[in-house]
Amino acid sequence: MLLTRETMRILIVLCLIGMALLAVFFLRTRRMTLYSYIAWGLLALLVPLLGPFLVILSHPGESLRQRQKRKPRHKGLFVLL
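Per the working numbering, the very first residue in the sequence shown carries number 74; after that it's consecutive.
Below you can see the structure in the form of structure tokens.
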């Protein structure tokens, strides 16, 4: 398959759209104000390539799921560390 310039551009744009969608779906799982959603969403869209990674790695707001402390089922080396 021969990759032309147009094919490469289309693939790059599709990757950027996919990463932005991942960041938006991640933001849906966080509890924040409307302005925070707008700010983080604009960061994900306006900073190509790095924006979605920055949004996901920074963990803005609080998680909608409350973390419950679970007791480990078995004791192992990592429990002691």
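Glycine included, every Cβ here is placed at the ideal spot set by N, Cα and C.
| Asked | Found |
| --- | --- |
| Exposure of V120, with buried meaning 16 or more beta-carbon neighbours within 10 Å | exposed |
| When I129, L84, E79, Y108 are compared against L95, the one with the closest alpha-carbon | I129 |
| Extent of the continuous alpha helix (DSSP H) to which P133 belongs | No alpha helix (DSSP H) holds P133; DSSP gives it neither H nor E. |
| Segment contact, 8 Å Cβ cut-off, at least three pairs: the stretch 85-93 with the stretch 109-125 | yes |
| Which residues DSSP lists as bridging R104, in chain order | E135 |
| Test item: CB-CB of R101 and G134 under 8 Å | no |
| DSSP state of V120 mapped onto helix, strand, coil | coil |
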